[in-house]
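Per mature numbering (1 follows the signal peptide of the UniProt record, and there is no 0), the sequence shown runs over residues -27 to -1, 1 to 134. Structure record follows, encoded as structure tokens.
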Amino acid sequence: MFATPLRRTGLAAGLVLSCLAALPAAAQDEPLTPEAAHEAREEHMKMLGQNLGVIGRMAQGEVDYDAEAAQEAADALVEISGMDMEAWLVEGSDSESLEDSRALPIIWDETEDYLAQWEDLHQAALAMQEVAGTDLAALQGAMGPLGQSCGGCHRTYRASE
């Protein structure tokens, strides 16, 4: 049987997550280079975006609500947001040091706040996980806090394009 686009995304997400999950452990043996830390953060954020997109398109009525797909995306959000972001906060991986990075240097000055906002995202993802597979109205209700969490962090800690 062929995988649907959502299933392929889920399979790809699983592969990327398993690779990303190994990075903090690998970092204990050998420090991550700024480039590797940047790449890990970027892939991490892309996976968040993909899964938020699945849920967001349903919430906005762009695609039909699919309880199974919504739940899979919410489960992935919890997994991704539960990973140790601090392991990827390597000095020299900010937007002033690396051309492709959008991580503002203020992250390293305000690491506690940055990580607290990351925890807020995780809590919002947990709330979404509780309701994503129940019905569209519940999913829509959980979107606000999730979007606010992402937006608040981006306004403070991400350079514009």
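Even glycine gets a Cβ: it sits at the ideal position worked out from N, Cα and C. The structure presented is a predicted model; accordingly, all values stated were derived computationally and were not measured.
Original post:
Mind pulling the alpha helix (DSSP H) runs of 4 or more residues that sit fully within the segment 83 to 113?
Top reply: 84 to 104
**OP:** Report the residue from Ala115, Glu85, Ile79 and Thr84 whose alpha carbon sits nearest the alpha carbon of Gln96.
**Re:** Ala115
Original post:
Between which two residues does the alpha helix (DSSP H) carrying Glu15 extend?
Top reply: Pro7 to Ala32
Original post:
How is the alpha helix (DSSP H) around Ala42 delimited, first residue to last?
Top reply: Ala40 to Ser54
Original post:
Are the beta-carbon atoms belonging to Leu119 and Ala98 less than 8 Å from one another?
Top reply: yes
Subject >> Rounded straight-line distance, which links the Cα of Val51 to that of Ala89 >> reply: 16 Å
Subject >> One or two residues paired with Arg131 in a DSSP bridge >> reply: Ala76
**OP:** Count the other C-beta atoms from every protein chain shown that fall within 10 angstroms of the C-beta of Ile53, then say buried if there are 16 or more, exposed otherwise.
**Re:** buried
Original post:
Taking C-beta to C-beta, are Ala9 and Ala47 nearer than 8 Å?
Top reply: no
Original post:
From Met18 to Asp67, what does the alpha carbon distance come to, in whole angstroms?
Top reply: 15 Å
Original post:
What did DSSP end up calling Leu119 once you bin it into helix, strand or coil?
Top reply: helix
Original post:
What do you reckon, are the CB atoms on Val63 and Leu5 nearer than 8 Å?
Top reply: yes
Original post:
If we ignore side chains and look at the alpha-carbon of each, how far apart do Trp91 and Ser122 end up?
Top reply: 8 Å
Original post:
How is Asp2 classed by DSSP in three states: helix, strand or coil?
Top reply: helix
**OP:** Evaluate Arg128 with the Cβ neighbour count: other Cβ atoms within 10 Å of its Cβ, from every protein chain shown; 16 or more gives buried, anything less gives exposed.
**Re:** exposed
Subject >> Inter-residue Cα distance where the pair is Asp108 and Ser70 >> reply: 45 Å
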